[in-house]
Amino acid sequence: MVRVGFHNSHEQVHPSALLAATQLAEQRGFDAAMCSDHWAPWQSTQGHSGFAWTWLGSALATTRLPFGVVNAPGQRYHPAIIAQAAATLAAMYPGRFWVALGSGENMNEHITGDGWLPKPVRDARLVECVQIIRALLDGEEVTHDGLVKVDRAKLWTLPDVKPLLIGPAVSVATARNHARWADGLVTVNQPEEKLRRIVAEYRDAGGRGEISLQVHVSFAPTDAEALRLAREQWAGNAIGPPVAWDLDTPEAFDQIADKVGDDVLRGSVLVEHDPQRLADRLVALAEIGFDAVYLHQIATDPVPSDEKHPDAEGTATRPSSTLEAFVDMAAQHLLPALKEVGA
48 MVRVGFHNSH
58 EQVHPSALLA
68 ATQLAEQRGF
78 DAAMCSDHWA
88 PWQSTQGHSG
98 FAWTWLGSAL
108 ATTRLPFGVV
118 NAPGQRYHPA
128 IIAQAAATLA
138 AMYPGRFWVA
148 LGSGENMNEH
158 ITGDGWLPKP
168 VRDARLVECV
178 QIIRALLDGE
188 EVTHDGLVKV
198 DRAKLWTLPD
208 VKPLLIGPAV
218 SVATARNHAR
228 WADGLVTVNQ
238 PEEKLRRIVA
248 EYRDAGGRGE
258 ISLQVHVSFA
268 PTDAEALRLA
278 REQWAGNAIG
288 PPVAWDLDTP
298 EAFDQIADKV
308 GDDVLRGSVL
318 VEHDPQRLAD
328 RLVALAEIGF
338 DAVYLHQIAT
348 DPVPSDEKHP
358 DAEGTATRPS
368 STLEAFVDMA
378 AQHLLPALKE
388 VGA
């Protein structure tokens with residue numbers, strides 16, 4: 048059956064609130080979780096961006112769920128550092144961690160002061176990074192001189208179960224290219240025909256492993272409220288690539304958000320207020336051929352950072368009301384329907 052995961056958007060929610068939401072999701076029957084890895088939010092209205100790798104240690108330690116993270120090695124992160132981070136989490140939590148390796152977005156990578164490379168060069172750099180990370184996870188000493196440089200790197204703590212290296216793709220061409228190296232594929236909700244082509248191209252090119260879908264959802268009591276929150280939280284990012292790859296600040300995304308029409312926004316986000324209709328739409332996407340579906344509720348209330356801290360036992364306080372309500376609604380209406388779909 049299809050596994051249902053909970054996506055943690057570090058761009059939108061304080062990390063303590065995300066931890067509480069993930070713990071609640073596990074209690075309500077979610078099978079897995081994943082998170083973003085951002086330096087900055089997509090829009091200033093989102094207002095957060097915690098460090099994913101610190102958070103992952105807490106999340107893995109306080110739940111039994113498997114976790115993944117979407118990461119861009121090569122500029123903000125040296126691939127040897129990502130290999131070490133992934134190896135350590137995999138060593139501590141065997142079989143519960145994967146990392147999706149992509150070519151990145153300028154808004155996260157420009158902080159290094161290096162120039163933003165053209166997409167073909169970024170793709171070539173990603174392949175080098177994947178080769179370096181794989182070699183290090185295999186216990187090899189790596190020296191490399193290319194788009195990235197490595198001098199005699201070796202991991203001293205290796206996991207018994209190596210983390211899966213997943214390919215993130217939003218285009219058919221990228222899905223086909225990832226089939227050369229990836230242990231699986233993850234994509235985001237798009238028109239059904241395009242998703243079918245992404246799945247087919249990855250498999251036809253010899254792609255192995257599971258294929259997962261992250262679905263952006265804006266669920267609220269009314270359609271008007273769901274659309275308002277989708278626009279407030281996700282309009283800038285709804286424009287999609289290549290624009291979303293190249294803009295460099297949340298303020299730049301703020302400037303284009305007002306230019307995004309409702310039809311474009313609804314094409315990027317499942318805007319819904321009816322649980323049964325949302326369940327039906329999600330099932331239709333899952334039936335395309337996905338092994339896992341990760342739900343991302345983008346309609347979240349702002350949470351002041353000083354109101355969300357772990358208690359004396361290390362358990363985070365409850366998340367924002369909309370996020371908590373979504374987890375409860377999903378447990379009642381979405382998980383039962385999705386788990387009936389054959390993976």
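Numbering (our numbering) for the sequence shown: 48 to 390.
Backbone N, C-alpha and C define an ideal beta-carbon position, used for all residues, glycine too.
The residues A127, I179, A182, L183, V197, R199, A200 and K201, in chain order, have a CB closer than 8 Å to that of V189 in the same chain once the five nearest residues on each side in sequence are set aside. In chain order, L184, L202, T204, L205 and P206 place their CB closer than 7 Å to the CB of A134, counting only its own chain and leaving out the 5 sequence neighbours on each side. CA-CA distance, P88 to L242, rounds to 26 Å. Distances from the CA of L211 to each of L194, V388 and F144 were compared; the closest alpha carbon is that of F144. One alpha carbon belongs to D309, the other to V374, and they sit about 26 Å apart. In this structure, D84 sits near A99, with a CB-CB distance shorter than 7 Å.
Look at K241 here: in three-state DSSP terms it is helix. CA-CA distance, S218 to V262, rounds to 15 Å. Contact check for E73 against T110 passes: the beta carbons are separated by less than 7 Å.
Excluding the 5 residues flanking it on each side, P141 has same chain C-beta neighbours closer than 6 Å at D207 and V208, in chain order. Shortest Cα-Cα distance from L148 to any of V388, L294 and A226 involves A226. In the DSSP annotation of this structure, the continuous segment of the beta strand (DSSP E) that includes V189 starts and ends at V189 to D192.
A distance below 8 Å between beta-carbons, with the five flanking residues on each side excluded, links E187 to the following residues of its chain, in chain order: K201. L136 and S150 do not touch by the CB rule: their CB atoms are close to 22 Å apart, not below 8 Å. Ranked by Cα distance from V316, the first of L332, D301 and Q302 is L332. Here the stretch 115-123 makes no contact with the stretch 313-330; the two share fewer than three CB pairs at distances below 8 Å. When beta bridges are read from the DSSP output, Y341 appears opposite G52 and Q261. The beta carbon of E58 is closer than 7 Å to those of S83, H85, P88, W89, Q93, H95 and S96 in its chain, skipping five residues each way along the sequence. Rounded to the nearest angstrom, the gap between the Cα atoms of D230 and R223 is 13 Å. Going by C-alpha positions, V60 is about 11 Å away from A346.
Non-local beta-carbon contacts of F300 in its own chain, meaning distances under 7 Å to residues more than five positions away in sequence, involve W89, Q90, G283, N284 and L294 in chain order. The beta carbon of I158 sits closer than 8 Å to the beta carbons of W86 and R123 from its chain, once the five residues preceding and following it are set aside; these are given in chain order. Bridge partners of T234 according to DSSP: L260.
For P215, the enclosing beta strand (DSSP E) begins and ends at L211 to P215. By DSSP's assignment, A79 forms a beta bridge with G52.
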